[in-house]
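Protein sequence lines correspond, in order, to chains H and C. Quick note, the first sequence lines up with residues 1 to 253 if you use the UniProt record's numbering. Quick note, the second sequence lines up with residues 1 to 253 if you use the UniProt record's numbering. For each residue, glycine too, the CB sits at the ideal point set by N, CA and C.
Protein chains: 2
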Amino acid sequence: MADERTYWPDEAFADLDRTGPVPLYFQVSSRLEAAIHSGLIPSGARLENEIAIAARLGLSRPTVRRAIQELVDRGLLVRRRGIGTQVVQGQVTRPVELSSLFEDLTSTGHRPGTVILRHEVRAADETIANQLGVSVGEDIVHLRRQRTTDDVPVAVLENFLPGEFADITTAQLETSGLYQVLRARGVAIRIAKQKIGARRAQGDEAELLGIDKGHPVLTVERAAFDNAGRVVEIGHHCYRPDMYSFETTLVAK
Amino acid sequence: MADERTYWPDEAFADLDRTGPVPLYFQVSSRLEAAIHSGLIPSGARLENEIAIAARLGLSRPTVRRAIQELVDRGLLVRRRGIGTQVVQGQVTRPVELSSLFEDLTSTGHRPGTVILRHEVRAADETIANQLGVSVGEDIVHLRRQRTTDDVPVAVLENFLPGEFADITTAQLETSGLYQVLRARGVAIRIAKQKIGARRAQGDEAELLGIDKGHPVLTVERAAFDNAGRVVEIGHHCYRPDMYSFETTLVAK
DNA sequence: GAGTGGTCTAGACCACGGA
DNA sequence: CCGTGGTCTAGACCACTCA
């Protein structure tokens, strides 16, 4: 007979807070994720069934399901009808998140730097106007920045923003990321659509990235949308491929 | 006063099937997506509130919420507490899905081709053994394929699979994609973790891709997991960047 | 204050996998 | 057959936004 044991570390869920602002399903999924990462629940282990977990925690089954679903969506757990819920094998990696390069770098303990190469307000040409959803000739902000980490160049970032952001200062951009500046103005990025590709470095990119002319760069073309679904930023970026790559986890529907 | 109209095209939801095997929330989200893509619900429009929709459709609110959530997760809708649910502005693009290159190509109407460059069973070295979760020296399948679309080379794909797949034939791989072959054997890929980068073409890659030596290639390193969370495939792929790129939609939590 | 989405409950029935 | 997750219901209360 196979190993029939199921896992559920009650001790990891002893401090659920029913009164605070943090949703219960989030408290459960966070603690469950921590238990998996710490090895308290081993790789490949089967969890108890959902009804038993709900009873143990004193929660309803939908709430427990939502917590589990969270981790299934992130590729940490796998559910099979008639079988149960299991921890996925293999070391877990951090997925790409909806954050700016600046935040990616600071959160990994590196020291980011920014050089503003261009920062001007000008009239939108047809291409940019279409992408930003504004009229041709309307004022837009054109931004070009060089990004470094620990003084090594990592990326050249070119952005276009609607005219309402014309009052952003160069000093603001030098000390924090674009998304942080936008958030401080009450603009939250909720959705980004991006296309990742590769090409040779062109123009001054090679020099700015510290690589030889014609070497490969990783490119991203991004459109970012705010709470209300309006376009707030268009980005054409290129990255030094030996300094940066994209990790993603895909989960089948 | 602004446009306060809310949208809900009842006619698009006239044929919900309560008896069939298709979940109601899926039927609702599919029809809603179609209504958005067709312009029946315009870009930027506000939907009716969830309780009213549930009443119209004769469904419970959780079911309607789940349908809406599906589209929120895919970046088609935005929800704001106290405000409502709106269609995101801008043209909608197809996201990267958990499918193989072969399927990506056929579904976009192109004619894919495969040349098998290598297909052998051999002993796993330490690197591959670790990645596949098998022991060093155990049999594994080593595969290398060149992919074309309409006779233009697109990618060079190198794969490693556990020994249980040693009986896959070269003929099978020439006529369909690897994921199709696996699915026909009852192996469903549920999760893939991948890293996207760029580098120069090396070795015979430039020749196989029909590009000059040292030109950029887009690279993917992928580990794919099945239903049970076991590693079933490791891939090291490179793509011609002028023929292929990755599109993703990121949604903030 | 009125209206919205966010969360949660306590059940129910069904479909699938395995013994 | 039983146990599992998959779906669905009909409510409830709360937090947030806007007028």
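Counting along the chain, the unbroken beta strand (DSSP E) around C/P112 starts and ends at 112-123. Cβ neighbours of C/L47 within its own chain (closer than 8 Å, five residues either side excluded): T6, Y7, W8, I41, I53, I68, L77, G84, T85, Q86, V87.
For H/Q194, the residues of chain C that pass the 9 Å Cβ criterion are F246, E247, T248, T249, L250, in the order they occur in the chain. For the options C/V154, C/A124, C/E120, C/I128, the alpha carbon positioned closest to that of C/R144 is the one of C/E120. The DSSP assignment places 170-175, 178-184 as complete runs of the alpha helix (DSSP H) inside the region 135-204 of chain C, in order along the chain (cut-off: 4 residues). Remark: three or more beta-carbon pairs, one from each stretch, lie closer than 8 Å, so the region 193-201 of chain C and the region 220-228 of chain C are flagged as touching.
Between H/T114 and H/L173, the C-beta spacing is below 8 Å. Here DSSP, grouped into helix, strand and coil, assigns H/Q86 to strand. In the three-state scheme derived from DSSP, where H, G and I count as helix and E and B as strand, C/R18 is classed as coil.
When C-beta distances to chain H are compared with 7 Å, the residues of the region 20-52 of chain C below that value are G44, in chain order. Against chain C, a Cβ distance below 7 Å from H/Q86 picks out A228, G229. Between C/P216 and H/R200, the beta carbon gap of about 6 Å places them in contact (Cβ cut-off 8 Å). Distance from the Cα of C/V72 is smallest, within the candidate group H/E247, H/G229, H/Y239, for H/G229.
In chain order, A67, E70, L71 place their CB closer than 7 Å to the CB of H/S29, counting only its own chain and leaving out the 5 sequence neighbours on each side. Around the Cβ of C/D226, a 10 Å sphere holds 16 or more other Cβ atoms; the residue is buried. Against chain C, a Cβ distance below 8 Å from H/V78 picks out R190, I191, F225, N227, A228, G229. Rounded to the nearest whole angstrom, the C-alpha separation of H/H110 and C/G163 is 41 Å.
Taking a C-beta distance under 8 Å as the contact criterion, H/L57 and H/L16 qualify as a contact pair. Along the region 130-156 of chain H, going in chain order, the ones with a CB nearer than 9 Å to a CB of chain C are Q131, G133. Under the 10 Å beta carbon count, C/E205 is surrounded by 16 or more other beta carbons and is classified as buried. Spanning the alpha carbons of C/F165 and C/T175 requires a straight line of approximately 17 Å. By the neighbour-count definition (other C-beta atoms within 10 Å, threshold 16), C/Q202 is an exposed residue. When H/I36, H/A14, H/Y239, H/S43 are compared, the shortest CA-CA separation from H/T149 is found for H/Y239.
Note on C/T127: under 16 other CB atoms within 10 angstroms of its CB, so exposed under the neighbour-count rule.
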